[in-house]
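There are 2 protein chains.
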Amino acid sequence: MSSSTPRSAADTRPGATTDPSTDHEVLAVVLQVTDAALHVLLWQHDRGPADRSWALPGGPLMSDETLGQSVARQLAQKVDVRHLAHLEQLETRSDLDRDPRGRLLATAYLGLVPADQRSILPADTRWHQVEALPDMAFDHASITSSGVRRLRAKLSYTNLGFALAPAVFTASELQAVYQAALGHEVSATNLKRILVRREQIAATGARTSPGRSGGRPAAEYRFRTRHIEVTDQFAVLRPPEPPRTLSE
Amino acid sequence: MSSSTPRSAADTRPGATTDPSTDHEVLAVVLQVTDAALHVLLWQHDRGPADRSWALPGGPLMSDETLGQSVARQLAQKVDVRHLAHLEQLETRSDLDRDPRGRLLATAYLGLVPADQRSILPADTRWHQVEALPDMAFDHASITSSGVRRLRAKLSYTNLGFALAPAVFTASELQAVYQAALGHEVSATNLKRILVRREQIAATGARTSPGRSGGRPAAEYRFRTRHIEVTDQFAVLRPPEPPRTLSE
DNA sequence: AAGGTTATTGACTGCTAGTCCATAACCCCG
DNA sequence: CGGGGTTATGGACTAGCAGTCAATAACCTT
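Same order as they appear, the protein sequences are chains G and F. With the first letter of the first sequence counted as 1, position 211 gets the number 414 in the numbering used here; the numbers rise by one all the way through. With the first letter of the second sequence counted as 1, position 82 gets the number 285 in the numbering used here; the numbers rise by one all the way through.
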């Protein structure tokens with residue numbers, strides 16, 4: 204830059220302070236399907252400008268940790284982090300007035316907990332249905348919406364369902380998880396066929412014990428991998444197929 | 204947890220400083236198709252630990268601006284920002300050693316410039332082919348890859364092509380832009396049919412003046428909107444169609 | 001054994017998008 | 001002015017994905 208574009212940006216904005224340091228916090232949108240509905244983990248402020256409102260778990264970024272380490276550390280105060288099947292960065296908010304106490308950047312993460320995990324929560328912490336959020340602090344409601352939107356989008360073109368479903372499950376159980384997460388009806392027949400064809404899930408060979416409820420025992424499935432992978436079939440305008448090799 | 208694993212964060216990490224302030228910079232991955240190839244805007248460091256290497260445009264975040272304002276301000280030093288047809292946040296990097304001078308967070312943005320815009324660049328600034336990147340500073344090569352990956356993904360399931368294409372264009376011109384951006388062959392016939400069906404582009408009615416090169420004049424198209432929209436058809440497991448209304 | 005309940009499978013359909021080829025509309029040249 | 005070259009356009013054909021529905025299977029209880 205240097206010569207032609209001097210980087211003392213402040214020159215162009217005389218009124219601005221040049222102090223580039225800001226406070227930075229980390230927030231987490233942790234989602235789980237329970238009781239046929241998608242829930243987000245919130246805790247209740249007990250003082251401060253957003254008194255009695257609910258907030259996303261999080262806290263200040265320390266100077267010797269990465270954002271990912273920070274969110275994992277802070278989440279450990281609220282849930283058993285071993286239950287987190289997936290954690291990814293969502294976005295960074297920087298509105299000047301997002302926190303009335305002053306300038307505060309926030310980097311949000313999306314975390315997912317399988318439906319069969321039950322954490323023991325601290326007294327101030329609860330799961331809330333995302334379709335019926337309480338009054339929330341600052342921009343936390345908006346950040347929660349971003350997280351839910353991200354989850355719903357990725358459920359269609361990735362194998363992210365692994366992070367919401369139990370380790371093994373029947374087609375019906377999977378249908379219930381997807382239906383709650385997506386927020387609309389889902390056909391179990393179609394869902395199972397799609398995920399099998401995409402090679403996201405595979406039958407374990409076992410069936411549910413013909414015990415309880417009457418009805419035919421169901422086949423059990425599991426996700427083939429438990430890390431995120433993109434369904435390449437959703438790349439429209441995909442590269443031309445290489446000519447089929449002779450090895451086959 | 205919580206009660207079982209009390210954790211006033213600092214307690215568990217005695218060596219850590221609790222100072223939550225960090226330096227923060229903004230970087231931009233600005234992409235444009237020219238000469239049948241996808242290019243990224245870079246400028247050349249002339250001193251410092253990454254001497255002679257190329258860097259993404261950017262600079263420190265000021266305390267009275269949002270991240271979006273900051274990236275727009277800093278980009279103005281490199282290109283005519285009126286040429287930017289799209290700008291979105293990409294990700295925030297926080298590795299402790301990403302800059303050898305010390306802890307420095309970086310929030311990266313993705314910017315797109317239509318293929319027909321020609322900016323006058325400062326002397327230290329140049330467009331580089333993304334398929335042949337020079338030595339780059341710090342983690343800037345990795346951030347560039349993230350930007351290119353994001354662009355390629357969104358070209359398939361959004362109308363983001365509007366930000367790379369000229370205001371009006373023929374099917375061949377659009378094909379050239381997509382092919383360069385995606386990095387693989389694209390069929391003009393198929394591309395045009397897909398984008399028309401998705402209602403992303405529409406014929407203007409005009410045709411190219413039958414002037415220069417011989418050959419039939421081509422129909423001209425334009426994108427119907429110049430802000431990003433998601434192709435809902437890529438929501439697999441989409442909600443059931445409401446029964447057709449009588450109004451039709 | 002009959003009837004209720006849940007699961008699984010296959011048939012059928014519509015739509016998307018990939019490929020290929022015939023035809024259209026221009027140019028230049030002889 | 002007509003033939004041949006060049007680029008553009010549109011139609012035909014195909015394969016595969018996903019949505020729906022109904023028939024069948026495998027359990028239960030009475």
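Where is the CB? At the ideal position from N, CA and C, for every residue including glycine. Note that this is a predicted model, so its numbers are computed, not measured.
For F/T373, which beta-bridge partners are listed by DSSP? One-based indexing of the second sequence puts residue 373 of chain F at position 170. According to DSSP, F/T373 bridges with F/E423.
Relative to the alpha-carbon of F/E291, which residue among F/Q277, F/L230, F/G314 and F/R329 has its alpha-carbon at the smallest distance? Locating residue 291 of chain F in the second sequence gives position 88, counting from the first residue. Of the candidates F/Q277, F/L230, F/G314 and F/R329, the one whose C-alpha sits nearest the C-alpha of F/E291 is F/G314.
Would you kindly work out how many angstroms separate the C-alpha atoms of G/V316 and G/T361, rounded to a whole number? Working through the first sequence from its first residue, we reach residue 316 of chain G at position 113. Working through the first sequence from its first residue, we reach residue 361 of chain G at position 158. Near 17 Å, if we compare the C-alpha coordinates of G/T361 and G/V316.
Rounded to a whole number of angstroms, what is the C-alpha to C-alpha distance between F/E268 and F/E228? Mapped onto the second sequence, residue 268 of chain F falls at position 65. Mapped onto the second sequence, residue 228 of chain F falls at position 25. Roughly 12 Å between the two C-alpha positions.
Interface residues of chain G around F/E402 at Cβ under 8 Å? What you label residue 402 of chain F is simply residue 199 of the second sequence in a count that begins at 1. Correct list: empty, because the minimum Cβ distance to chain G is about 15 Å.
Quick check: is the beta carbon of F/E294 nearer than 7 Å to any beta carbon in chain G? Locating residue 294 of chain F in the second sequence gives position 91, counting from the first residue. It does: the Cβ of F/E294 has a partner Cβ on chain G nearer than 7 Å.
Taking only the alpha-carbon atoms, compute the straight-line gap between F/M265 and F/Q280 and give it to the nearest angstrom. Mapped onto the second sequence, residue 265 of chain F falls at position 62. Mapped onto the second sequence, residue 280 of chain F falls at position 77. Each residue's alpha carbon lies about 16 Å from the other.
Leaving out five residues on either side along the sequence, give the residues of the same chain with a beta carbon under 8 Å from the beta carbon of G/L299. Residue mapping note: residue 299 of chain G aligns to position 96 of the first sequence, counting from 1. Counting only residues of its own chain and dropping the five nearest sequence neighbours on each side, G/L299 has a CB closer than 8 Å to the CB of R306.
Restricting to Cα atoms, I'd like to know which of G/L244, G/F426, G/D254 and G/E402 is closest to G/Y312. Sequence index remark: in the first sequence, residue 312 of chain G carries index 109 (1-based). Taking only the C-alpha atoms, the option nearest G/Y312 is G/L244.
My output table needs one value for F/L389: the three-state DSSP class, helix, strand or coil. Stepping through the second sequence from its first residue, residue 389 of chain F is reached at position 186. Checking the sequence shown, residue 389 of chain F turns out to be Val, not Leu. Of the three classes helix, strand and coil, the one that applies to F/V389 here is coil, per DSSP.
Under 8 Å from the C-beta of F/Y360: neighbouring residues of chain G: The count along the second sequence starts at 1 and reaches residue 360 of chain F at position 157. Those are Y360, F437 and V439, listed as they occur along chain G.
Helix or strand or just coil, what does DSSP make of G/T434? Position 231 of the first sequence, counted from the start, is the residue given in the question as residue 434 of chain G. Coil at G/T434, not helix or strand.
On the DSSP bridge list, what partners appear for G/M339? As a first step, residue 339 of chain G is located in the first sequence; it is residue number 136 there, counting from the start. Looking at the DSSP assignment, G/M339 forms a beta bridge with G/W257.
Taking the Cβ atom as the reference point for each residue, do F/D319 and F/P369 lie within a distance shorter than 7 Å? Start at 1 with the first residue of the second sequence, and residue 319 of chain F comes out as number 116. Start at 1 with the first residue of the second sequence, and residue 369 of chain F comes out as number 166. In contact: F/D319 and F/P369 (Cβ atoms closer than 7 Å).
Where does G/I323 sit, in a helix, a strand or coil, going by DSSP? Position 120 of the first sequence, counting from 1, holds the residue named residue 323 of chain G. Three-state result, G/I323: coil.
For G/F365 and F/A379, what's the separation of their Cα atoms in angstroms? Numbered from 1 along the first sequence, position 162 holds the residue referred to as residue 365 of chain G. Numbered from 1 along the second sequence, position 176 holds the residue referred to as residue 379 of chain F. Spanning the two alpha carbons is a distance of roughly 39 Å.
According to the Cβ coordinates, are F/L230 and F/A309 closer than 7 Å? In the second sequence, the residue the question calls residue 230 of chain F occupies position 27. In the second sequence, the residue the question calls residue 309 of chain F occupies position 106. Against a cut-off of 7 Å, the Cβ pair of F/A309 and F/L230 comes out as a contact.
Return helix, strand or coil for G/L453, following the three-state DSSP convention. Past the boundaries of the shown model lies residue 453 of chain G; chain G is included only from 204 to 451, so the question cannot be answered.
So, using beta-carbon positions, are F/Q247 and F/G262 closer together than 7 Å? For the purposes of this step, residue 247 of chain F is taken as residue 44 along the second sequence, with counting starting at 1. For the purposes of this step, residue 262 of chain F is taken as residue 59 along the second sequence, with counting starting at 1. For F/Q247 and F/G262, no; Cβs fall outside 7 Å.
Helix, strand or coil, according to DSSP, for G/R285 in the structure here? By 1-based counting over the first sequence, the position of residue 285 of chain G is 82. Correct three-state label for G/R285: helix.
Would DSSP call F/L440 helix, strand or coil? Residue 440 of chain F sits at position 237 when you count from the first residue of the second sequence. Here F/L440 sits in coil by DSSP.
Measure the alpha-carbon distance for F/T328 versus F/S348 and round it to whole angstroms. For the purposes of this step, residue 328 of chain F is taken as the residue at position 125 of the second sequence. For the purposes of this step, residue 348 of chain F is taken as the residue at position 145 of the second sequence. The alpha-carbon atoms of F/T328 and F/S348 are separated by roughly 19 Å.
Looking at the strands, I want to know which residues DSSP matches up with G/V236. Within the first sequence, residue 236 of chain G is the residue found at index 33, counting from 1. Looking at the DSSP assignment, G/V236 forms a beta bridge with G/L241.
Give me the DSSP bridge partner(s) of F/A383. Along the second sequence, one-based indexing puts residue 383 of chain F at 180. Paired residues: none, contrary to the question.
Drop a sphere of 10 angstroms on the beta-carbon of F/L289, count the other beta-carbons inside from all chains shown, and report buried for 16 or more, exposed for fewer. To locate residue 289 of chain F, count along the second sequence from 1; it is residue 86. According to the sequence provided, residue 289 of chain F is His. The question's Leu does not apply to it. When all chains shown are included, F/H289 counts as buried.
Starting from the beta carbon of G/S297, find every residue of chain F whose beta carbon is closer than 7 Å, and list them in chain order. If you number the first sequence from 1, residue 297 of chain G lands on position 94. Within chain F, the residues near G/S297 are T269 and L270.
Check whether the Cβ of F/S345 lies closer than 7 Å to any Cβ atom in chain G. On the second sequence, position 142 is the one that residue 345 of chain F refers to. So no, F/S345 is outside the interface.
Apart from the five residues on each side of it in sequence, which residues of its chain come closer than 7 Å, Cβ to Cβ, to F/T411? Counting from 1 along the second sequence, the entry for residue 411 of chain F is found at position 208. Only T373, P420, A421 and E423 meet the Cβ criterion.
Less than 8 Å between C-beta atoms, sequence neighbours within five positions excluded: which residues of the same chain meet that for F/R441? Residue 441 of chain F sits at position 238 when you count from the first residue of the second sequence. Closer than 8 Å at Cβ, skipping near neighbours: D435.
Please confirm if F/R301 has its CB atom under 7 Å from at least one CB of chain G. Looking up residue 301 of chain F in the second sequence gives position 98. F/R301 does not count as touching chain G.
Residues of the stretch 379-411 of chain F with a CB closer than 7 Å to any CB of chain G: list them in chain order, please. Per Cβ criterion, the list reads Y381, L385, H387, E388, V389, L394 and I397.
Going by Cα to Cα distance, which pick from F/T428, F/G417 and F/A383 is closest to F/Q403? One-based indexing of the second sequence puts residue 403 of chain F at position 200. Measuring from the Cα of F/Q403, the nearest candidate turns out to be F/T428.
Is there a C-beta anywhere in chain F that falls below 7 Å from the one on G/T373? By 1-based counting over the first sequence, the position of residue 373 of chain G is 170. It does not: the Cβ of G/T373 has no partner Cβ on chain F nearer than 7 Å.
Residues of chain F with CB closer than 7 Å to the CB of G/H248, please, in chain order. As a first step, residue 248 of chain G is located in the first sequence; it is residue number 45 there, counting from the start. Per Cβ cutoff of 7 Å: no residues; G/H248 is ~16 Å from chain F at best.
Determine the direct distance from the alpha carbon of F/L354 to that of F/I431, and round the result to whole angstroms. Here residue 431 of chain F is taken as the residue at index 228 of the second sequence, counted from 1. Here residue 354 of chain F is taken as the residue at index 151 of the second sequence, counted from 1. C-alpha separation (whole angstroms): 12 Å.
Proximity test, Cβ basis, 7 Å: F/R306 and chain G: Here residue 306 of chain F corresponds to residue number 103 of the second sequence, with the count starting at 1. Yes, F/R306 counts as interfacial toward chain G.
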